[in-house]
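Student: Under numbering that gives the first Met the number 0, the letters of the sequence shown match residues 0 to 84, in that order.
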Amino acid sequence: MPNKEENELTKAQKVVRKKIIEFMSAAFALVAALAWNEAIKALIDAFIPEANGVLAKLIYAVCITVLVALVLYFFERSTSEVEKK
């Protein structure tokens with residue numbers, strides 16, 4: 000029968016493993032976000048070549064912020080519905 004210290008060690012190992020997976024997931028998400036950033040910038044440059052100004056960058060930042068906020072809102076809403084069940 001495992002003692003209390005072994006149980007706590009096992010719990011700690013599970014927590015550490017979970018955190019590592021979360022950090023790795025966040026790192027991959029960052030890589031994907033950077034790839035999308037480059038793709039969107041290239042798309043803007045292709046359709047609006049003179050879009051290198053401050054106004055174009057500001058519009059891009061606002062659009063991305065709104066898009067991310069909407070995605071996070073719907074993601075949080077769907078996860079809260081799953082947790083209620």
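Where a beta carbon is used, it is the ideal one built from N, C-alpha and C, also for glycine. As the structure is a prediction and not an experimental result, all values here were calculated from the model.
Suppose you measure from the CA of LYS10 to the CA of ILE20; what does that come to, to the nearest Å?
Tutor: So the two alpha carbons sit approximately 15 Å from each other.
Student: Under a three-way DSSP split, which group does ASN2 fall into?
Tutor: It is coil, neither helix nor strand.
Student: Taking the CB atoms as reference points, tell me whether ILE47 and ALA55 lie closer together than 8 Å.
Tutor: In contact: ILE47 and ALA55 (Cβ atoms closer than 8 Å).
Student: When you compare only the Cα positions, how much space is there between GLN12 and ASN6?
Tutor: Cα-Cα distance, rounded: 10 Å.
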